[in-house]
Structure formats: structure tokens, C-alpha cells
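Participant: Sequential numbering of the sequence shown, starting at 3, is according to my numbering.
The C-beta atom is built at its ideal place from N, Cα and C for all residues, glycine as well.
First, the structure itself, so that you have it in front of you.
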Amino acid sequence: LFAGFLMYPFGCIVGLGQAATFIIPDAILADIIDYDELLTGTRTEGMYTVLESNLQQYVEIFAGVLPGILMGFSGFQNNGGCVCGCGVSCSSPFVRWDCPGDIGYACTNDLNAALVAGDPLRAAPCTQQNAGVIFWI
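Next comes the structure, spelled out in C-alpha cells:
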């Protein structure tokens, strides 16, 4: 109960920080545009806003694409190479996962159901990745 009570003030603080990251840069950009007009006598806000938009796009491209490329080169397999399991529903209600070399059977499709065969505490292979992928994660 006490931990849940602390979430509201913490959420407000995080919200203020997020709002500041969206509001302050635009306010600073507006001041830069006005100061440039004061110095040069011409209004060139288009140049500044295009530059700001392009910088944001370049950062998003590298931040969005580079991790995927690194993960691909390090041997990442989507869903651990499994056909189903780990969030992807299996066609049979008694199959928990269907991976190359291992199939997990249970009496129900409940995630907490004990496995019928093999070590009941073994992890689903779809959660396993090689050491190169784990290094980048």
C-alpha cells in the first residue's frame, strides 16, 4: 500500500521532467530565432526548424536501426527460433512451446501449469539467446 502511494508523487515528478524535455527545447529555439533576427535583420525560422527536424530524424534513424543491425549480426533469433511459445500461441492447447529440439507439453495451456515430460523447472528455449546477443542486450 505504501509503495503504491509513492507512485503518484513519483509519477508527477517524471511527468514534469518529460514535459520539460518537450517544451524547453522549442522555447529555446524560438529565442534563438528571435536573436538571429535581431543580429541579421532577416527572419530565417524555416532554416532553424528544418535543421531541428532533420537532427531529430537522424537521431531516430540511428537509435532505431542500429540496435536491430547489431542484434542481427550477433545472431538474434526471433522468439528464440521457436514456432510457438513465449507469447506466441500454439495451435494445440497442450503445447507450451514448440522449439527446435524441445517441445514443452502440459495438461493445460496455463503458463503456471507443470510440464508433463522432462525437467518441470526448465526454461522455455524461446527465452534463450546466444552470448553475442546477450552481450548487446
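For I25, name the three-state secondary structure that DSSP assigns.
Facilitator: Taking the first residue of the sequence shown as position 1, residue 25 is located at position 23. In the structure shown, I25 sits in a helix (DSSP, three-state: H, G or I).
Participant: Hey, how far is the Cα of L40 from the Cα of T46?
Facilitator: Here residue 40 refers to the residue found at position 38 when the sequence shown is read from its first residue. Here residue 46 refers to the residue found at position 44 when the sequence shown is read from its first residue. In a straight line, the C-alpha of L40 is about 11 Å away from that of T46.
Participant: What whole-angstrom Cβ distance do G77 and N114 have, given they're in contact under 8 Å?
Facilitator: Indexing the sequence shown from 1 puts residue 77 at position 75. Indexing the sequence shown from 1 puts residue 114 at position 112. About 31 Å; that fails the 8 Å criterion.
Participant: Name the residue from T110, C128, T23, V118 whose alpha carbon lies nearest to the alpha carbon of G89.
Facilitator: On the sequence shown, residue 89 is found 87 positions in, with the first residue counted as 1. Checking every option, the nearest Cα to that of G89 belongs to C128.
Participant: For the stretch 69-88 and the stretch 98-109, state whether three or more C-beta atom pairs, one from each stretch, are separated by less than 8 Å.
Facilitator: They touch, by the three-pair rule.
Participant: Give the secondary structure of G82 by DSSP, where H, G and I count as helix, E and B as strand, and everything else as coil.
Facilitator: Stepping through the sequence shown from its first residue, residue 82 is reached at position 80. Here G82 sits in helix by DSSP.
Participant: So V118 is in the alpha helix (DSSP H); what residue range does that whole segment cover?
Facilitator: One-based indexing of the sequence shown puts residue 118 at position 116. From DSSP, V118 is part of no alpha helix (DSSP H); its letter is neither H nor E.
Participant: In the structure shown, what three-state DSSP assignment does I105 receive?
Facilitator: Taking the sequence shown and counting its residues from 1, one reaches residue 105 at position 103. Reduced to three states, the DSSP call for I105 is strand.
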